[in-house]
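Note sheet for the following structure.
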Amino acid sequence: MRYAMAMKLLLVEDNRELSGWLSRLLSQSGFAVEQAFSGTDAAHLLVTQTYDAIVLDLTLPGMNGDALLRSLRHKNNQVPVLIISAQNSLQNIIAHLDLGADDYLAKPFDIQELEARLRSLLRRAIGRSNPVLVCGGLSYDSNTKQFSSQGEVLKLTPREHAVLETLIRHCGKTVSKQGLADNLCTLDDMVSAKALEIYIVRLRKKLEQSGAQILTLRGLGYMLSYVAA
Amino acid sequence: MSPPEPPRIGSLKRRLALWVLLPAALIALVDFMFARSDTDGVATLVQQQLLMGAAKIISEPLAQIDGGYEISIPPAAFELFANKTQDRVFYSVRSKSGILIAGDADLPLYAGKLEIEQEQYFLASMRGEPVRVIAYKHALPSTGAADYAITEVAQTLHGHAAFRDDLMRTAVRETLILFVLLVSGLACAVRWTLRPLIDFGARLGERRHGSLQKLDANTALAELRPIIIALNEYVARLDQTLGSYEQFVANTAHHLRTTFAILTSQINFGRRDPDAGAACMEVFGAMQKAVADGGRAINQLLVLATVEQTRPGAAATAVNLAAALTSVIEALAPLAQQKAIELGVDVIDSEATVHCSAYLLRELIGNLIDNAIQHIAGPGSVIASIRRTPEAVLLEIVDTGPGIPAHLHERVFERFYRMDPSRAQSSGLGLSIVKEICEAVGAQVALGVGDHGGGLRVAVRFPLAPLV
Numbered sequence: 001m002r003y004a005m006a007m008k009l010l011l012v013e014d015n016r017e018l019s020g021w022l023s024r025l026l027s028q029s030g031f032a033v034e035q036a037f038s039g040t041d042a043a044h045l046l047v048t049q050t051y052d053a054i055v056l057d058l059t060l061p062g063m064n065g066d067a068l069l070r071s072l073r074h075k076n077n078q079v080p081v082l083i084i085s086a087q088n089s090l091q092n093i094i095a096h097l098d099l100g101a102d103d104y105l106a107k108p109f110d111i112q113e114l115e116a117r118l119r120s121l122l123r124r125a126i127g128r129s130n131p132v133l134v135c136g137g138l139s140y141d142s143n144t145k146q147f148s149s150q151g152e153v154l155k156l157t158p159r160e161h162a163v164l165e166t167l168i169r170h171c172g173k174t175v176s177k178q179g180l181a182d183n184l185c186t187l188d189d190m191v192s193a194k195a196l197e198i199y200i201v202r203l204r205k206k207l208e209q210s211g212a213q214i215l216t217l218r219g220l221g222y223m224l225s226y227v228a229a
Numbered sequence: 001m002s003p004p005e006p007p008r009i010g011s012l013k014r015r016l017a018l019w020v021l022l023p024a025a026l027i028a029l030v031d032f033m034f035a036r037s038d039t040d041g042v043a044t045l046v047q048q049q050l051l052m053g054a055a056k057i058i059s060e061p062l063a064q065i066d067g068g069y070e071i072s073i074p075p076a077a078f079e080l081f082a083n084k085t086q087d088r089v090f091y092s093v094r095s096k097s098g099i100l101i102a103g104d105a106d107l108p109l110y111a112g113k114l115e116i117e118q119e120q121y122f123l124a125s126m127r128g129e130p131v132r133v134i135a136y137k138h139a140l141p142s143t144g145a146a147d148y149a150i151t152e153v154a155q156t157l158h159g160h161a162a163f164r165d166d167l168m169r170t171a172v173r174e175t176l177i178l179f180v181l182l183v184s185g186l187a188c189a190v191r192w193t194l195r196p197l198i199d200f201g202a203r204l205g206e207r208r209h210g211s212l213q214k215l216d217a218n219t220a221l222a223e224l225r226p227i228i229i230a231l232n233e234y235v236a237r238l239d240q241t242l243g244s245y246e247q248f249v250a251n252t253a254h255h256l257r258t259t260f261a262i263l264t265s266q267i268n269f270g271r272r273d274p275d276a277g278a279a280c281m282e283v284f285g286a287m288q289k290a291v292a293d294g295g296r297a298i299n300q301l302l303v304l305a306t307v308e309q310t311r312p313g314a315a316a317t318a319v320n321l322a323a324a325l326t327s328v329i330e331a332l333a334p335l336a337q338q339k340a341i342e343l344g345v346d347v348i349d350s351e352a353t354v355h356c357s358a359y360l361l362r363e364l365i366g367n368l369i370d371n372a373i374q375h376i377a378g379p380g381s382v383i384a385s386i387r388r389t390p391e392a393v394l395l396e397i398v399d400t401g402p403g404i405p406a407h408l409h410e411r412v413f414e415r416f417y418r419m420d421p422s423r424a425q426s427s428g429l430g431l432s433i434v435k436e437i438c439e440a441v442g443a444q445v446a447l448g449v450g451d452h453g454g455g456l457r458v459a460v461r462f463p464l465a466p467l468v
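Chains U and X are the protein sequences, given in the same order.
Counting with our numbering, you get residues 1 to 229 for the letters of the first sequence.
Counting with our numbering, you get residues 1 to 468 for the letters of the second sequence.
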């Protein structure tokens, strides 16, 4: 998938090998990547350059990721920041989101996951009031009310659309069958459990290429999730 | 096997009390024995003085007139003996030739030899009663030393005994008062001396469990200072060791995760190559899986390191078990989906709470479900349930995997134990993490057979969360 205009990224990662591979991968996907190998390098670049998003490692020589993020936000620079870190404790994640990071990804991660989150961040930055929801290769633009799979617009019936919208709004979380049926009821009349199952089957077919899957969790309900091939 | 009984040393207080009270009691006893013989001596001496006085008064008026004897006994001689015990008093005055001049003929005569102006005391019996007798030999005034008489006075022993007992009572009372004063004084001294030691023990007891805070040696007693300094040195060393251990674990995990991130990027890059054939894709798939397994092992080691440093009750809160279970299932659902394994819940008590660290609880459930998914080769199921009994909250996870034979139920909880060593993707840490977390949070874990006689059933019993 290529964007009409390349999104400019600053990749701050002290491990040159990882940085090199990540920038190759991101460039392939149409991002314009600049690399910084230390916090101080990044801080210098940020004085003169503007970026659409920053991918920031936390453990850096010179000035660490925390300090860089804090100084950015202190200067009221609201550029979206996605943290990639080898420290993946929950406390750590929460602490950094509180510091002003927009997202957090623990190493090692799949490039598809990183790209999906970056796209989401970029879209959110463009129209902050109309978030774009992403799950793997599936995205939902709540502005145009359109689902796309790998950049292609998905054709859905109103009920399939309603089911999938509920699921993507709770991506990675279970939604009970009752909860889904209730959401459909507001559309028109009662939906039987059988009918719901049929919508799910159809949706699964349409999502096959997207990397996102609707999982059935016995006793809990349905969950939309990214499942690696 | 229960630990051996510590040798009985008792407390310092008890030792001091024993070694101070025992000698004090011994001294009191000896004092009592001496008092007993002393009082008897004093009472006897007093009686002898009375007898002597009486004998002198009686013998005084004796005179020889015309070959005969004349005597008139002054009543004062007997008034000397007046007391409450109504002792009986006897006397006799006999001439040189033994003729009774006055008094009682039954009074036994002193058998020994006496000099003039010499007295002798002895015990005898008079009309069936014991008496103390004085025999006093004295010259008759008119004859010089040529003629003499022997005056005897006897008194029964009631007064003597009463006087002796009186003295004894006084002595005992004094000893007792002294003993009580001594003991209470010693008790105060012991208490006051041991107070700093007891306070020190109490301060140690009040410290947070596993605290690595140093103690103040400057304000402590000289005797306690070496202990505190040694303790502080030990704490400092432990702190340093734990710190470097944590740092080591964190550094290692960081390094390995970064390496795996590079590998993942390389695999991602390879997979995107349009010229990569099916064989290449298969290799990339296998590599990706190996990296994922390695990542899991690192996380497990990190969890083990955390559990080791978790003291009982640390960071414990009331955690909703159903919510924790659901979030773990959601996180592992994609993995189960990849292996066509049905994942979900059966009976679930959504109100049940357990009292422990939320992080450790998640790791406990995560390792149980992950372990089940890893061991199921093809399609199968992993189903969890939560029940509440009056005593406990019960979490059960039943899978359709190969199960674990009963004789291995203990061994599979050992670190790095693998039932099937050929399964490279298993680190052998999953169930040991489960066991160690259970121990850290006070839960019990038991293995059994799954439904329909196959698979594995893991039951974790959590004690009921304390009512807050």
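We put the CB at the ideal spot given by N, CA and C, even for glycine.
- For a cut-off of 8 Å, the C-beta gap from Arg127/X to Gln47/X is around 19 Å, too long to register as a contact.
- Between Leu364/X and Val434/X the beta-carbon gap is near 6 Å, inside 8 Å, which marks them as a contact.
- DSSP places Val434/X in no beta strand (DSSP E) but in the uninterrupted alpha helix (DSSP H) bounded by 430–441.
- In chain U, no part has a C-beta under 9 Å from the C-beta of Phe284/X; the shortest such distance is about 10 Å.
- Under the DSSP assignment, Gly294/X falls in the alpha helix (DSSP H) whose first and last residues are 278–308.
- Per DSSP, the unbroken beta strand (DSSP E) holding Ala446/X starts and ends at 444–449.
- If you check the CB distance, Ser357/X and Asn320/X do not come in under 9 Å.
- Secondary structure of Cys171/U (DSSP, three-state): coil.
- Separation of Thr85/X and Gly159/X (C-alpha to C-alpha, rounded to the nearest whole angstrom) is 6 Å.
- The bridge partners DSSP lists for Ala106/U are Ser85/U.
- Judged by DSSP in its simplified three-state form, Thr252/X adopts helix.
- Inclusion of Tyr222/U and Leu156/U in the CB contact set at 9 Å is not warranted, their separation being larger than that value.
- Less than 9 Å separates the beta-carbon of Val163/U from that of Ile200/U.
- The Cβ-Cβ distance between Leu12/X and Leu186/X does not fall below 9 Å.
- Contact note: Gln213/U reaches chain X through Gln337, using a C-beta cutoff of 7 Å and chain order.
- With fewer than 16 other beta carbons inside 10 angstroms of its own, Ile177/X counts as exposed.
- When 9 Å is used as the limit between beta carbons, Arg237/X is near no residue of chain U, the shortest such separation being about 27 Å.
- Its Cα nearest to that of Pro379/X, the residue Gln338/X stands out among Gln338/X, His407/X, Leu80/X, Leu114/X.
- Think of a sphere of 9 Å around the beta carbon of Tyr226/U: the chain X residues whose beta carbon falls inside it are Pro334, in chain order.
- Taking 9 Å as the cut-off, the Cβ atoms of Leu105/U and Leu97/U do not count as close.
- For Ala76/X, the number of other beta carbons within 10 angstroms of its own is below 16, and it is reported as exposed.
- The beta-bridge partner set that DSSP reports for Thr353/X consists of Asn320/X.
- Think of a sphere of 7 Å around the beta carbon of Gln28/U: the chain X residues whose beta carbon falls inside it are Arg272, in chain order.
- In the structure shown, Tyr226/U adopts extended strand secondary structure according to DSSP, grouped into three states.
- For Glu410/X, no beta strand (DSSP E) segment is defined, and its DSSP state is neither H nor E.
- Taking 7 Å as the cut-off between beta carbons, the residues of the region 360–391 of chain X near chain U are Ile383, in sequence order.
- Our two residues, Val460/X and Ile341/X, have alpha carbons roughly 22 Å apart in a direct line.
- Two segments are said to touch when three or more pairs of C-beta atoms, one from each, lie closer than 8 Å; by this definition the region 318–334 of chain X touches the region 366–381 of chain X.
- Within chain U, not a single residue places a beta-carbon under 7 Å from that of Arg296/X; the smallest gap is close to 11 Å.
- Glu282/X and Gly172/U have their C-alpha atoms spaced approximately 28 Å apart.
- The Cβ-Cβ distance between Ile228/X and Asp216/X falls below 9 Å.
- The C-beta of His74/U has fewer than 16 other C-beta atoms within 10 Å across all chains shown, which makes the residue exposed.
- In terms of Cβ geometry, Tyr91/X and Leu114/X do not form a close pair [threshold 9 Å].
- In this structure, Leu100/X lies away from Val89/X, with their beta-carbon atoms at least 9 Å apart.
- By the C-beta density criterion, Arg16/U is exposed, having fewer than 16 other C-beta atoms within 10 angstroms.
- Residues of chain U whose Cβ lies closer than 7 Å to the Cβ of Ser265/X are, in chain order, Leu18, Trp21, Leu22, Leu25, Ile111.
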